[in-house]
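J.: There's a structure below that I have some questions on.
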Ligand code: ADP
Ligand code: MG
């Protein structure tokens, strides 16, 4: 199974709605560890994404993801706007020239997203950031690139979920949670929670049809 550019657009509109709906959970996650603004920042970003994608007639898969990233980057501001913007801009650019989105495209997207975020923000796996969901997701996507897209997305979203759960046992090295030391144990990273919502929604929307 492969998605055409317009199906990728519809999938990303579902992702935007899911993040907007998850705002209270994401706000609470960031309140437990940071300043509590993550949910509202992501919501603002996804409203900007919807404004761009709703009228779009995409000519490529790359365009849908890069537009998503640019909308997040320019509307959210701050470090996380730049970092989540990079997820989709760097990820999208890795799909240049690919006519459809398939399991290999998913691996390319997540690998480039991970590399871009690590380069931009300087964090690495284990630092209790979104990278702790993205890195296992990217590794699972590479391993699953010969599976049908529905199966690959399911495996990838489960890997991200496990990574988010593992982030509960990490001591933050970045962002405001860094000052908490051991007090951040037991709580998952907010950005990792967002990554899980996005990948689970991508998975669910492909299973249920676009
Ligand atoms: P802010 O940190 O400005 O309050 P948000 O609350 O919106 O921004 O986002 C916080 C999330 O950003 C964290 O939960 C973490 O996942 C992610 N994050 C912060 N710094 C980094 C970094 N250097 N690399 C990767 N992700 C990061
Ligand atoms: Mg915050």
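In my numbering, the protein residues as written are 102 to 311.
Even for Gly, the Cβ is constructed at its ideal location relative to N, Cα and C.
None of these values were measured; they are calculated from a predicted model.
What does a CB cutoff of less than 8 Å around residue 217 pick up in its chain, not counting 5 residues either side in sequence?
T.: Counting only Cβ-Cβ distances below 8 Å, and skipping sequence neighbours, we find 187, 188, 190, 191, 192.
J.: Write down the C-beta distance between residue 233 and residue 195 rounded to the nearest angstrom, noting that I regard them as a contact closer than 8 Å.
T.: Contact flag wrong, Cβ pair sits at about 21 Å.
J.: State the Cα-Cα distance for the pair residue 139 and residue 128, rounded to the nearest angstrom.
T.: C-alpha separation (whole angstroms): 6 Å.
J.: Given the structure, does residue 73 come close to the ligand MG, in the sense that its CB is under 7 Å from one of the ligand's heavy atoms?
T.: Coverage of the chain is limited to positions 102 through 311, which leaves residue 73 absent and any answer about it impossible.
J.: Does the distance from the C-beta atom of residue 219 to that of residue 295 stay below 8 Å?
T.: No.
J.: Quick one: using the 10 Å Cβ neighbour count with 16 as the cut-off for buried, is residue 125 buried or exposed?
T.: Result: exposed.
J.: From the DSSP secondary-structure annotation, give me the bridge partner or partners of residue 202.
T.: Bridge partners of residue 202: 104.
J.: Measuring only the C-alpha atoms, how far is residue 118 from residue 235?
T.: The alpha-carbon atoms of residue 118 and residue 235 are separated by roughly 20 Å.
J.: Compare the C-alpha of residue 163 against each of 311, 105, 156 and name the closest.
T.: Checking every option, the nearest Cα to that of residue 163 belongs to 105.
J.: Buried or exposed for residue 131, going by 16 or more other Cβ atoms inside 10 Å?
T.: The residue in question, residue 131, is buried, as its Cβ has 16 or more Cβ neighbours within 10 Å.
J.: Residue 143 and residue 110 look like a contact to me (Cβ under 8 Å); what is the Cβ gap, rounded to whole Å?
T.: Wrong, their Cβ atoms sit about 19 Å apart, outside the cutoff.
J.: Whose CA, out of 223, 308, 298, 253, lies closest to the CA of residue 123?
T.: Nearest of 223, 308, 298, 253 to residue 123, Cα basis: 298.
J.: Is it true that the region 242-249 meets the region 201-213, where meeting means three or more beta-carbon pairs spaced less than 8 Å apart?
T.: Touching, per the Cβ criterion.
J.: Sorry if obvious, but does the Cβ on residue 135 come closer than 7 Å to a heavy atom of the ligand MG?
T.: True, at least one ligand heavy atom lies under 7 Å from that Cβ.
J.: From which residue to which residue does the alpha helix (DSSP H) around residue 252 run?
T.: Segment 250-267, the alpha helix (DSSP H) holding residue 252.
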